[in-house]
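Engineer: Mapping the sequence shown onto this note's numbering, position 41 (from 1) lands on 149, and the numbers just tick up by one.
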Amino acid sequence: MSPPEPALADLRERVRAAAAGRTALRLRGAGTKDFYGETLAGEVLELGAHRGIVAYDPPELVVTARCGTRLSELDAALAAAGQFLPFEPPAFAGDPTLGGIVASGLSGPRRMYAGAARDFVLGARLLTAGGDVLRFGGEVMKNVAGFDVARLLCGSLGILGIITEVSLKVLPVPRQEETVRLELGYGEACARFAGWAARPLPVSAAAWHADSAWVRLSGAAPAVQAARAQIGGERIAPAEARQWWAQVRDQALAVFDAPEIWRLSLPGNVGPLPQLPVPQLIDGGGALRWYAADGPDFSAVATAVGGTALHWRSRRGRPRFHPLSPSVLALHRRLKERFDPAGIFNPGRLIAGL
Numbered sequence: 109m110s111p112p113e114p115a116l117a118d119l120r121e122r123v124r125a126a127a128a129g130r131t132a133l134r135l136r137g138a139g140t141k142d143f144y145g146e147t148l149a150g151e152v153l154e155l156g157a158h159r160g161i162v163a164y165d166p167p168e169l170v171v172t173a174r175c176g177t178r179l180s181e182l183d184a185a186l187a188a189a190g191q192f193l194p195f196e197p198p199a200f201a202g203d204p205t206l207g208g209i210v211a212s213g214l215s216g217p218r219r220m221y222a223g224a225a226r227d228f229v230l231g232a233r234l235l236t237a238g239g240d241v242l243r244f245g246g247e248v249m250k251n252v253a254g255f256d257v258a259r260l261l262c263g264s265l266g267i268l269g270i271i272t273e274v275s276l277k278v279l280p281v282p283r284q285e286e287t288v289r290l291e292l293g294y295g296e297a298c299a300r301f302a303g304w305a306a307r308p309l310p311v312s313a314a315a316w317h318a319d320s321a322w323v324r325l326s327g328a329a330p331a332v333q334a335a336r337a338q339i340g341g342e343r344i345a346p347a348e349a350r351q352w353w354a355q356v357r358d359q360a361l362a363v364f365d366a367p368e369i370w371r372l373s374l375p376g377n378v379g380p381l382p383q384l385p386v387p388q389l390i391d392g393g394g395a396l397r398w399y400a401a402d403g404p405d406f407s408a409v410a411t412a413v414g415g416t417a418l419h420w421r422s423r424r425g426r427p428r429f430h431p432l433s434p435s436v437l438a439l440h441r442r443l444k445e446r447f448d449p450a451g452i453f454n455p456g457r458l459i460a461g462l
C-alpha cells in the first residue's frame, strides 16, 4: 500500500555515522510526547518521513505501518473497514506517529478493559546502532527463547533503537456504544467501579471527575441495553460522550493544566487512599488516579498497595518514573548495552544514565 523506503536508507546512514562518532540522537516523530519521560538530549533525528501503511488485511485484523505514519492516517484506513485501534492511543494536542505511540506505550480509557498498547503489538522492525534492521514478532519470525522483543519495545521510549515498522492487531468497531453518568462521591465511585468489574458487564471505560462517574458500555445492543438498566444513571448524547472520552484520552481536562501532576497506577479493587488528597480524576475504573498536587510521598503510597507512581509533570527536575529495584535496573542496563552498545539512542530518556 505504501511506496519504497528511501527514508530508511537515510536513517541507516545517519545512525551509522552517529554510532561511529558516539553522537547521541534524540528520536522524534511528531513531537506530541516531548513532555514525557526524563531528559531530552542529543541531536534531533526526525523520523516522520519514514511513513505509510505497508499492509492491511481487514479479515485478518492486522495492519502494518511505518514509524512515521500519523495516527489520523491509520484511523481513517481502519474506519473505512469498520475497525479501530482498541487501546485508544492518546493524540494529546497533535497527530502522533505510530513509532511514538509504540515507543511511549501510552493507552487511553479502554486500556483496562481491552488491553494496553503492548497487547496489540504483533511484530516490529528495529534499526540498531550498527545500521542493521532486526525483525521481531509473529508476523516475521519466532521470538528467541520465547522472549517477546516486539512488546519489549513498547514503552521503551526509543532507548533500544528506532522502531521503523509495527504490525498491530485491530478490532471491529463495537456495534453499539452508550455512556451514562452518575452523581457519585469519590469513595462510592471506587466501590461501584470495583463491583462492576466483578460482573460480566460490557464496560469499555469508567472514569470519575468532579463528583460524576462516567461509564461507557460497548458491544452488542442487547448486552449494552441490559447493562445500562443495571448501572442506571443519565444517558449521555453520543456527541457529548465522544467529546468527554476524547478529553480524558488526550488529557484536555483542566486538571492537566496544573504545574505538578502525579499519576498512580493501582490494582482496580483499591479503595480511597486516606494518606492522599482526593484525586482530580480517576480513569480505568479506579486503576489510574490523577493528582494535581505535590507534597505527599506518592511513590511510597502506591508501592504499599501494589501499584506504581509516575510524576507526570514536574517543574522541579525530579525523577519522573517509579523507582526500580536493583535487579530490574540491572536488567534494563543489560538490555540497553545489548541493543545500543554505543549508547546513542535517547540517552537518559527512560532512566538516568541509560
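Don't be surprised by glycine CBs; every beta carbon is placed ideally from N, CA and C.
The structure presented is a predicted model; accordingly, all values stated were derived computationally and were not measured.
Pull up the distance between the alpha-carbon of Arg-219 and that of Glu-196, whole angstroms please.
Structural biologist: Looking at the two C-alpha atoms, the distance is approximately 7 Å.
Engineer: Tell me the DSSP secondary structure of Pro-280 in three-state form.
Structural biologist: DSSP places Pro-280 in strand when its eight states are reduced to three.
Engineer: With distances taken Cα to Cα, identify the nearest neighbour of Phe-200 among Glu-113, His-440 and Asp-365.
Structural biologist: Answer by Cα proximity: Asp-365.
Engineer: On the three-state DSSP scale, how would you describe Thr-411?
Structural biologist: Three-state result, Thr-411: helix.
Engineer: Could you tell me the alpha carbon to alpha carbon distance between Asn-251 and Gly-245, rounded to whole angstroms?
Structural biologist: Because the pLDDT of Asn-251 is 45, which lies under 50, any placement of that residue in the model is unreliable, and the question is left without a value.
Engineer: Take Ala-82 and list the residues in its own chain whose beta-carbon comes closer than 6 Å to its own, dropping the five residues that flank it on each side.
Structural biologist: Here the chain covers residues 109 to 462 and nothing more, so residue 82 does not appear.
Engineer: Where does the unbroken alpha helix (DSSP H) through Ser-180 begin, and where does it stop?
Structural biologist: Its alpha helix (DSSP H) spans residues 179 to 188.
Engineer: Taking all protein chains shown into account, decide if Ala-480 is buried (16 or more other Cβ within 10 angstroms of its Cβ) or exposed.
Structural biologist: Only positions 109 to 462 of the chain appear in the structure, and residue 480 is not among them; the question remains open.
Engineer: Taking Gly-269 as part of the beta strand (DSSP E), name the residues at either end of that continuous run.
Structural biologist: Here Gly-269 belongs to no beta strand (DSSP E), and DSSP marks it neither H nor E.
Engineer: Could you name the residues of the same chain whose beta carbon sits closer than 8 Å to that of Phe-301, not counting the 5 residues immediately before and after it, in chain order?
Structural biologist: These residues qualify, in order along the chain: Ala-314, Trp-316, Ala-321, Gly-376, Ile-390, Gly-393 and Gly-394.
Engineer: Roughly how many angstroms lie between the CA atoms of Ala-460 and Gly-137, to the nearest whole one?
Structural biologist: Those two C-alpha atoms are separated by around 22 Å.
Engineer: Within this structure, are the beta carbons of Leu-462 and Ile-271 separated by less than 8 Å?
Structural biologist: It is not a contact, given that the beta carbons lie outside the stated cut-off.
Engineer: Measuring alpha carbon to alpha carbon, tell me which of Val-210, Val-281 and Pro-198 ends up nearest Leu-192.
Structural biologist: In the sequence under discussion, the amino acid at residue 192 is Phe, which differs from the Leu named in the question. Of the listed residues, the one whose Cα sits closest to Phe-192 is Val-281.
Engineer: Roughly how many angstroms separate the alpha carbons of Ala-253 and Ile-209, rounded to a whole number?
Structural biologist: With a pLDDT of 45 at Ala-253, under the threshold of 50, the modelled position of that residue is not reliable, and the figure given next carries that caveat. Between Ala-253 and Ile-209, the C-alpha separation is close to 27 Å.
Engineer: Three-state secondary structure (DSSP) at Asp-165?
Structural biologist: It is a strand residue.
Engineer: By Cβ distance, which residues of its chain are closer than 7 Å to Arg-134, with the 5 residues on each side in sequence left out?
Structural biologist: Contacts found: Leu-148, Ala-149, Gly-150, Glu-151, Val-152, Leu-153 and Asn-454.
Engineer: Taking buried to mean at least 16 other C-beta atoms within 10 Å of its own C-beta, is Ala-115 buried or exposed?
Structural biologist: Per the 10 Å Cβ criterion, buried.
Engineer: Taking the C-alpha atoms as reference points, what is the distance between Val-229 and Glu-273?
Structural biologist: Roughly 11 Å between the two C-alpha positions.
Engineer: For His-158, which three-state DSSP category applies?
Structural biologist: Of the three classes helix, strand and coil, the one that applies to His-158 here is coil, per DSSP.
Engineer: Do Gln-388 and Ala-400 have their C-beta atoms closer together than 8 Å?
Structural biologist: Yes.
Engineer: In this structure, what does DSSP give as the bridge partners for Arg-421?
Structural biologist: According to DSSP, which records beta bridges pairwise, Arg-421 is partnered with Ile-369.
Engineer: How many whole angstroms separate the CB atoms of Ser-180 and Asp-203, which I take to be in contact at a CB cut-off of 8 Å?
Structural biologist: 5 Å between Cβ atoms; contact.
Engineer: Classify Ala-417 as buried or exposed, calling it buried when 16 or more other Cβ atoms lie within 10 Å of its own Cβ.
Structural biologist: By the 10 Å Cβ count, Ala-417 comes out buried.
Engineer: Can you say whether Phe-143 is buried or exposed, counting buried as having 16 or more other CB atoms within 10 angstroms of its CB?
Structural biologist: The residue is exposed, with fewer than 16 neighbouring Cβ atoms inside 10 Å.
Engineer: The beta strand (DSSP E) spanning Val-323 covers which residue range?
Structural biologist: First-last of the beta strand (DSSP E) with Val-323: 320 to 327.
Engineer: I'd like to check one pair, Gly-269 with Arg-120: are the Cβ atoms closer than 8 Å?
Structural biologist: The answer is no: Cβ separation not under 8 Å.
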